[in-house]
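Trainee: Each residue of the sequence shown is one higher than the last, beginning at 18 in our numbering. Even glycine gets a Cβ: it sits at the ideal position worked out from N, Cα and C. Take this structure, written in structure tokens, and hold onto it; I'll ask about it next.
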Amino acid sequence: MTSNADVTGNISFGVVFVLIGSLVLLNEFDVLSLTWSFIVPIVLIGAGIAVIVSSQMSGRKPS
């Protein structure tokens, strides 16, 4: 069983990934070329979303 503090900490961790990925992605938009440096922010955003979703799922109590 995970506590609310653990779930909140994991969500914050996921939000940090999403924010960093978004900032890097916005920085890459002026290039407008699909290179490996363009893939990294997509991976960071995806990882952040995965952490947030898994935190939400682990925080739910079975009914």
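Keeping to the same chain, check which residues put their C-beta closer than 7 Å to that of F30; ignore five residues upstream and five downstream.
Mentor: Start at 1 with the first residue of the sequence shown, and residue 30 comes out as number 13. Same-chain partners within the cutoff: V68.
Trainee: Near I28, what residues of its chain come up, given a Cβ to Cβ distance below 7 Å and the 5 sequence neighbours on each side ignored?
Mentor: Position 11 of the sequence shown, counted from the start, is the residue given in the question as residue 28. Setting aside the 5 residues that flank it on each side, I28 is surrounded in the same chain by I69, S72, each with a C-beta closer than 7 Å to its C-beta; the list follows chain order.
Trainee: Once the 5 residues before and after T42 are set aside, which same chain residues still bring their CB inside 6 Å of it?
Mentor: Taking the first residue of the sequence shown as position 1, residue 42 is located at position 25. Inspection of the sequence shows that residue 42 is occupied by Leu rather than by Thr. P58.
Trainee: Go ahead and pull the three-state DSSP assignment for M18.
Mentor: On the sequence shown, residue 18 is found 1 positions in, with the first residue counted as 1. Here M18 scores only 48 on pLDDT, less than 50, and its place in the model should not be relied on; the value that follows carries that caveat. Here M18 sits in coil by DSSP.
Trainee: I62 and V32 - do their beta-carbons sit closer together than 8 Å?
Mentor: Start at 1 with the first residue of the sequence shown, and residue 32 comes out as number 15. Start at 1 with the first residue of the sequence shown, and residue 62 comes out as number 45. Their beta carbons are not under 8 Å apart, which means V32 does not touch I62 by this criterion.
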